[in-house]
Structure formats: structure tokens, C-alpha cells
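**Q** Residue numbers (my numbering): 74 to 326.
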């Protein structure tokens, strides 16, 4: 078993905690924040610092080989992408470390550690959240800035956009779930794909955000709304095909 621990400058004093995770896994005293079949996110207090730790599911073949040899693990990419986002002036929890455990060159457990921040929640179901609804024009402006900077967040969904209200009534945003990102993306059609995941519950709310995006970018409202509706429509069709495939193979209910 080989172990890789990478800690960013300024947090070397947390290495003993990282080593504990690397050797024993997540401590029993952590507080669950999110849990699914794929990943687990916990909060842990160390030396007076609140940490968020994302434990990624152990990859199966061939991904265990791919992540071990051909590309970085999701934990490593999360740290690298968070660092790049901060350099470009976009909000995300401060990266602290990543940990990888490998066996015979194949990736097993991996963890991404970032600094815990307090927020007012995420942008999911913003129709039911007046504060998130009020932040929509600023979210649209954030998307414009990201696209202008060439930032492509493939998992740009409302659950991965945290927000916090400032004293002056404006809002800060913090992007999470960063392992699938690209930089230097200037293709407009590709950028518009973000509207296929930003609010899948409502075509009309996606269209509303697209109009706000057009206002922030100084571009045609009608054409932007049309493109956004098209991308969400594509998402709906993909989901329909996926459900049909699962039913065909007896994987659905």
C-alpha cells in the first residue's frame, strides 16, 4: 500500500490529522454533511479549524488504473481546480490537502480536504427560497464572468453553488464539487450547456435565468433564452433515454 499526502503551504501543521485519515480512514467523531452511494462529506474540527473532508468512492476497474496512472484522482483534481478558481477570483472553500491510498499502483481510497465555511445554503429549488431567488441576477453575472474567464464547471448544478448574503444585501458564491472542470474553454455552445443542469425542475426558471444572463452579458435576450431552453430540453431527453435503458435491462423499478 502506498500513500500520497499533499498539503498546501500554510497548513503543514495539519499533517498529523491527514496521516490519521490516510492510515485509519475517517475518524469516528466526524459530523456527516452529505452521504450517497458515491461520496461522503464530513465536517471535522482540528486545531480550532473546521475542515470539510470529501471521501470518494473506491473506483472500480478500469478507473482504478486510470486514476492511478493516466490522470489525477478526483481528490487531486478537486484541490488543483479549487486553487485555480481562487487564482481567477472565484469563490470556493479554501483547499487544504488531498490524500490517496494506492495498492499495486491502483487507486483505492482518496480524500479531498477543504476549509469549512458558513453559508446560507445552496441554490437548489430557488423558487422556494426567497434569498436564493434574490441572488439570481448575481448568479447570472457569475456565470458571465466564469464564461469570460474560460471556466467550465461540468457539474454546474444548483446544489454545487453555495451562497452567502453580505451585510449590504449582495451575495457571495462558492463553487463545490470541482473534480470535473476545464479552464480556457471559450466555445460559446459548450458554455451554454451549463443551462442544461442549472435548474432542471423548471424550464421557465431556466429561461428566466438565461434572460438575466443576457442582461449581464449585454447580449440578445431572445437568442440566449432559446439556447438555454434547448440545452435543458437535451437534458430531459437524455434522462428519458437513460430511464428507458434501465427499464430494458430490468434495472428500474
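The C-beta atom is built at its ideal place from N, Cα and C for all residues, glycine as well. Remember, predicted model here, so these are calculated numbers, not experimental data.
With DSSP collapsed to three states, give me the class of residue 166.
**A** Note: residue 166 maps to coil in three-state DSSP.
**Q** Note the first and the last residue of the continuous beta strand (DSSP E) segment covering residue 94.
**A** That residue, residue 94, is in no beta strand (DSSP E); its alpha helix (DSSP H) goes 88-97.
**Q** Taking the alpha carbon of residue 296 as the reference point, which residue from 310, 308 and 281 has its own alpha carbon closest?
**A** Measuring from the Cα of residue 296, the nearest candidate turns out to be 281.
**Q** Within a Cβ cutoff of 7 Å, which residues of the same chain sit near residue 197, ignoring the five residues on either side of it in sequence?
**A** Closer than 7 Å at the Cβ level, and outside the excluded window around residue 197, lie 231 and 232.
**Q** May I ask you to report which of helix, strand or coil DSSP gives residue 222?
**A** Note: residue 222 maps to coil in three-state DSSP.
**Q** Using DSSP with H/G/I as helix, E/B as strand and the rest coil, what is residue 232?
**A** Correct three-state label for residue 232: helix.
**Q** Rounded to a whole number of angstroms, what is the C-alpha to C-alpha distance between residue 202 and residue 93?
**A** Taking the straight line from one Cα to the other gives about 39 Å.
**Q** Residues in its own chain within less than 6 Å of residue 251 by CB, not counting five upstream and five downstream?
**A** Within the same chain, residue 251 has close Cβ partners 151, 154 and 155.
**Q** Thinking C-alpha only, which one of 167, 214, 122 and 271 is nearest residue 185?
**A** Selected option, being the one with the closest Cα: 167.
**Q** Which stretch, first to last residue, makes up the beta strand (DSSP E) that contains residue 208?
**A** Unbroken run through residue 208: none, as it is neither H nor E.
**Q** Hey, how far is the Cα of residue 56 from the Cα of residue 209?
**A** Because the chain here runs from 74 to 326, residue 56 falls outside it and cannot be looked at.
**Q** May I ask you to list the residues that DSSP assigns as paired with residue 188?
**A** Its beta-bridge partners are 124.
**Q** Spatial neighbours of residue 157 within its chain, please: CB distance less than 7 Å, with the 5 preceding and 5 following residues excluded, ordered by chain position.
**A** Taken in chain order, the residues that qualify are 256.
**Q** Just how far apart, CA to CA, sit residue 199 and residue 191?
**A** Approximately 19 Å between the Cα atoms of the pair.
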